[in-house]
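With UniProt numbering, letter number 42 in the sequence shown gets 42, and the count goes up by one each step, no holes. Backbone N, C-alpha and C fix where the C-beta goes; we use that ideal spot for every residue, glycine too. Source: prediction; values computed, not measured.
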Amino acid sequence: MEATNKKIVKDSTYVGSALILTVVLTSLLAIIGVLFVMSSRVDKMATSAISDTKELGLAVDTVVAKISRLLVQDIPGVDPARPNEEYYDYPDVNNPWLASLEPYDAGGGSFFWQQISDVYGVLVPAA
Numbered sequence: 001m002e003a004t005n006k007k008i009v010k011d012s013t014y015v016g017s018a019l020i021l022t023v024v025l026t027s028l029l030a031i032i033g034v035l036f037v038m039s040s041r042v043d044k045m046a047t048s049a050i051s052d053t054k055e056l057g058l059a060v061d062t063v064v065a066k067i068s069r070l071l072v073q074d075i076p077g078v079d080p081a082r083p084n085e086e087y088y089d090y091p092d093v094n095n096p097w098l099a100s101l102e103p104y105d106a107g108g109g110s111f112f113w114q115q116i117s118d119v120y121g122v123l124v125p126a127a
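This is the structure:
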């Protein structure tokens, strides 16, 4: 009787150990899977941030190149199609890319800019 009881206790101990081992290994695999997914998301976010930074840098370079080209064209005598160019730079109709340095006082505490930069010609004044 005692030998039978010992055998039952001994067999049930091994079955429980296998079950615990299975649960632990499954949990470890789940943790490793979650870590893999999280690391791939972090890599994706880092790549996206680098891409956005490069796009912003290219946008800034485009605007700087456009302004540089306009500055070169604004030098008197460079463009033979415009022989009567002015020798001054002032924010006016001929220089839409220039902006006023200071706002003017319209009275009553209201301040307005006489001209703001219009590099691409999209801020056409209303007629």
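Remark: C-beta atoms of Asn-95 and Asp-79 do not approach each other more closely than 8 Å. As computed with DSSP, Phe-112 is found in a beta bridge with Tyr-104. Judged by beta-carbon spacing, Tyr-87 lies within the 8 Å limit of Pro-76, meaning their Cβ atoms are closer than that value. Cβ neighbours of Asp-118 within its own chain (closer than 6 Å, five residues either side excluded): Pro-96.
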